[in-house]
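Here you go:
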């Protein structure tokens with residue numbers, strides 16, 4: 370928690386951030402496994418259970434003629450800090466940034482269970498993903514694999530709608 374506080378101070382994250390957004394402080398799991406490389410060839414990591422579920426979901430989608438690929442997975446606190454710092458240095462306000470990126474310590478990516486998903490039908494990490502067959506398939510089938518859409522429109526955390534961001538919640542899995 371001390372490191373989270375230092376990173377928040379460095380980024381000028383409001384002191385009432387946790388209360389305002391209602392996001393839980395996310396624990397970084399001790400055991401992460403390497404996954405396949407993401408769409409850009411970068412190494413990625415997830416918890417073993419999330420990786421197994423992702424692999425099965427990707428295979429199920431492929432069997433239905435749907436292509437989905439990994440855009441990103443686990444992020445540590447420093448990565449999240451650098452992501453936000455880069456945007457601050459580009460002139461964005463911290464309030465603007467926190468509408469699309471959770472503050473360090475509060476990103477589901479820290480859990481090793483969150484993934485950003487892409488498809489060949491559109492650019493990565495854009496709202497237009499919701500208009501693809503991949504998104505339609507995910508809406509109908511992701512829950513069967515234990516994944517839920519984290520930030521639907523109008524979510525309580527106030528995070529911008531992210532149709533590409535899904536999180537593995539083992540208790541929802543029906544496979």
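Residue numbers (the numbering used here): 370 to 544.
Don't be surprised by glycine CBs; every beta carbon is placed ideally from N, CA and C.
State yes or no: is the C-beta of residue i within less than 8 Å of the C-beta of residue j?
i           : j           : result
residue 409 : residue 472 : no
residue 480 : residue 398 : yes
residue 456 : residue 466 : yes
residue 509 : residue 519 : no
residue 476 : residue 444 : yes
residue 488 : residue 501 : yes
Given residue i, which residues of its chain have a CB within under 7 Å of its CB, disregarding the five upstream and five downstream residues?
i           : result
residue 544 : Low confidence applies here, because residue 544 scores a pLDDT of 46, under 50, leaving its location unreliable; read the following figure in that light. Here the set comprises 425, 513 and 514.
residue 539 : 418 and 515
residue 427 : 437
residue 376 : 446, 450 and 473
residue 401 : 414, 415, 416, 443 and 481
With which residues is residue i paired in a DSSP beta bridge?
i           : result
residue 518 : 535
residue 487 : 438
By Cβ distance, which residues of its chain are closer than 6 Å to residue i, with the 5 residues on each side in sequence left out?
i           : result
residue 453 : 380, 466 and 470
residue 528 : 520
May I ask whether a heavy atom of the ligand NAD can be found less than 7 Å away from the beta carbon of residue i?
i           : result
residue 395 : Of ligands this structure carries none, so the ligand NAD is not represented either.
>> If we require 3 or more residues per run, which beta strand (DSSP E) segments fall completely within the stretch 383-456?
In response: Listed in chain order, they are 438-441.
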